[in-house]
Each structure stands twice: as C-alpha cells, then as structure tokens.
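Position in the sequence shown counted from 1, then plus 1449, gives you the numbering used here. Every residue gets a Cβ at the ideal spot worked out from N, C-alpha and C, and that includes glycine. Here the structure is a predicted model, which is why all the values come from computation and not from measurement. All remarks here apply to the structure that follows.
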Amino acid sequence: MVRRVILKISGEAFGRSGFDLKKINFIKEEIKSVIYEGIRLGIVIGAGNILRGRELVRRGFPLVSSDYIGMLGTLLNGAILKEVLIQDGIKADLFSPVYAEKIVRRYDPFIASKLLDEGIVVILAGGTGLPFVTTDTTAVLRTLELGGDIFLKATKVGGVYTEDPKKKRGVKFFKFIDYDEFIRRKLEVMDLTAVALAKEKRLKIIVYNFFKKGNTLLAIKGKTGTCIG
C-alpha cells in the first residue's frame, strides 16, 4: 500500500509566465485530495514559469550560472505554495539546499522525513543545490532519501507515449514500460539519468496528466498514467 509519495511538479503548473493564482489553487486542491487519504506527500518544485535555464544559456549565460538562477526560481514557487497551503489550514514546510534564512529551511532529509511522518506537506525547492542535475533526477534522489514508495512525475500528457502526443497523432500509449525499454527508446518525457537511478534502486515512477482534476490521487492508486518499473 502506498503511504509516502514524492511528486514533481513543473513551474508550468504555477502559470505560463509568472504566477496564476487559479493554477496554484488547483495544485492545492490536488494536494488536499492526497493528504486527506492519509498519504504523506513531498513535492519537488520546478521554475519554468519564472525562467528556463536553457533560455538563459541561449542568451549567453554560462550553464552553471543558469542552473543556480533556476534554483532561486524554485524558491519563489515553493514559498508561494507553502503560504497558499498554510492559509487553507494545511501544515506545510519548505526545504532547500540553496539557503535563504527568512523563507526556507536548509534541507535535511532526517528532519524532512520526520515532518512527513507527522503529516506535514514537505516542499522541496532548490534542486540538489548543484548544477547539471535536472529536477527529475532531484526528485528521484529525494524519493529515495525520504523513503517514498513511488515517485509521481506530473506532466500535461496522459503518461508515456512512443512520441509526444501533442506533436504527433496516432502515437502508442504505454500503460506500463520497463526501465530498460524507456532508456533504449530515449523517450523524452523524463530525464534518462533519473530513470537509470530509479532502475538501480527499483523505484517505480508514475507519469501522468497532472492538469486533470483528481488525477494525482488516481495515479497513486494506479488508475491513470504510465508506470515505469
């Protein structure tokens, strides 16, 4: 039975550019649907609504600097999500290896795990604190560190397909795909390094459409999305 989950949501879930309170409230409602089932939830945050590292690189920024700037963007998303949850009476805390004393706790897996035990939503910003590591890989690492039963990868498509269904029609959907086939096909819905790490530790990944109401809980129950395992 799934009791502890780490969910990775992209910055796009917060808004197309900047912050969309309606979208953030949607995130909140998805979180509530999970924790009201007694499931402990940690959330790894992206920052694509604020900036994308590859766009900075395209404009001439060094990759290392771009990655660190992106980490700061995740702190903003994490701080906003935390406050939205708290205002609705949901206990939440924000951790990051990139430390900003007034708004975030320095990430400690032992403290974060204890808070999860207490039913507190743990928001994980700042990536790993190191450049060259994607948020997908960060999320797999955090799932392993915090004893997650599964890792949920929130996307805007229904799961894993042979190709991007938003770009090509008639593509094949996988209800289940094993790690090796995913890596062999070089499917782009998720970072291959993250999948390789999950394979090594036998961690199941669920890829699903986050933007359909109620899908997060359904994904945890195995009723929607694709299982990579």
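So if DSSP puts residue i in a beta bridge, which residue, or which two residues, is it bridged to?
i	result
Arg1555	Ser1545
Thr1693	Because the chain is modelled from 1450 through 1678, residue 1693 falls outside the range shown and cannot be assessed.
Phe1625	Cys1676
Tyr1433	No statement about residue 1433 is possible, as the shown extent of the chain runs from 1450 to 1678 and does not include it.
Lys1457	Val1493, Lys1602
Leu1590	DSSP, once it has assigned bridges, lists no residue as partnering Leu1590.
Leu1573	Val1493, Phe1544
In whole angstroms, give me the CA-to-CA distance for residue i and residue j.
i	j	result
Ile1569	Ser1515	31 Å
Phe1544	Pro1614	35 Å
Phe1625	Glu1637	16 Å
Phe1659	Ala1603	5 Å
Asp1585	Asp1640	6 Å
Leu1505	Pro1580	14 Å
Arg1501	Met1450	36 Å
Gln1536	Leu1530	10 Å
Arg1634	Glu1612	10 Å
Lys1563	Arg1503	36 Å
Gly1671	Leu1565	22 Å
Phe1631	Gly1619	19 Å
Arg1508	Ile1560	39 Å
Glu1567	Gly1464	30 Å
Asp1542	Pro1511	32 Å
Val1513	Ile1572	24 Å
Tyr1556	Lys1481	23 Å
Among residues of its own chain, excluding the 5 on either side of residue i, which ones have a beta-carbon nearer than 6 Å to its beta-carbon?
i	result
Val1533	Ile1473, Lys1477
Leu1490	Val1454, Val1483, Ile1484, Val1570
Glu1479	Thr1665
For residue i, which of the options has the nearest alpha-carbon?
i	options	result
Ile1484	Met1520, Lys1540, Ala1496	Lys1540
Phe1622	Phe1631, Phe1660, Tyr1610	Tyr1610
Gly1495	Lys1615, Met1520, Lys1616	Met1520
Cys1676	Gly1619, Leu1512, Lys1661, Ala1647	Ala1647
Lys1617	Ser1459, Gly1576, Val1606, Lys1531	Val1606
Arg1499	Gly1522, Gly1487, Ser1562, Lys1563	Going by the sequence as given, residue 1499 is Ile instead of Arg. If we check each option's Cα against that of Ile1499, Gly1522 comes out closest.
Tyr1517	Thr1577, Gly1663, Gly1608	Thr1577
Val1582	Thr1642, Phe1559, Gly1538, Leu1525	Thr1642
Pro1546	Glu1504, Gly1538, Gly1527	Gly1527
Leu1525	Lys1563, Gly1575, Ala1561	Gly1575
Ser1459	Ile1480, Ile1488, Ile1492, Lys1481	Ile1492
Ala1588	Gly1608, Asp1566, Lys1635, Pro1558	Pro1558
If I measure Cβ to Cβ from residue i and keep anything under 8 Å in the same chain, skipping five residues before and after, which residues do I get?
i	result
Tyr1628	Val1644, Ala1645, Ala1647, Lys1648, Ile1677, Gly1678
Ala1668	Leu1601, Ile1655, Tyr1657, Gly1674
Within 8 Å of any Cβ in chain B, is that where the Cβ of residue i sits?
i	result
Val1506	Reference to chain B is not applicable here, since this structure consists of a single protein chain.
Enumerate in chain order the residues of its own chain whose CB-to-CB distance from residue i is below 7 Å, with the five nearest sequence positions on each side excluded.
i	result
Glu1486	Leu1666
Asn1664	Tyr1657, Asn1658, Thr1673
Ala1462	Lys1472, Ile1476, Ala1603, Phe1659
Can you find at least 3 beta carbon pairs, one from the region 1592 to 1611 and one from the region 1649 to 1656, that sit closer than 8 Å?
-> The region 1592 to 1611, when compared against the region 1649 to 1656, does touch it at the 8 Å Cβ threshold.
Check whether the region 1551 to 1571 touches the region 1458 to 1469, taking contact to mean three or more Cβ pairs, one atom from each stretch, closer than 8 Å.
-> Two segments are said to touch when three or more pairs of C-beta atoms, one from each, lie closer than 8 Å; by this definition the region 1551 to 1571 does not touch the region 1458 to 1469.
Determine, using beta-carbon pairs with one atom in the region 1451 to 1458 and one in the region 1594 to 1607, whether at least three such pairs fall under 8 Å.
-> With the cut-off at 8 Å, the region 1451 to 1458 and the region 1594 to 1607 touch.
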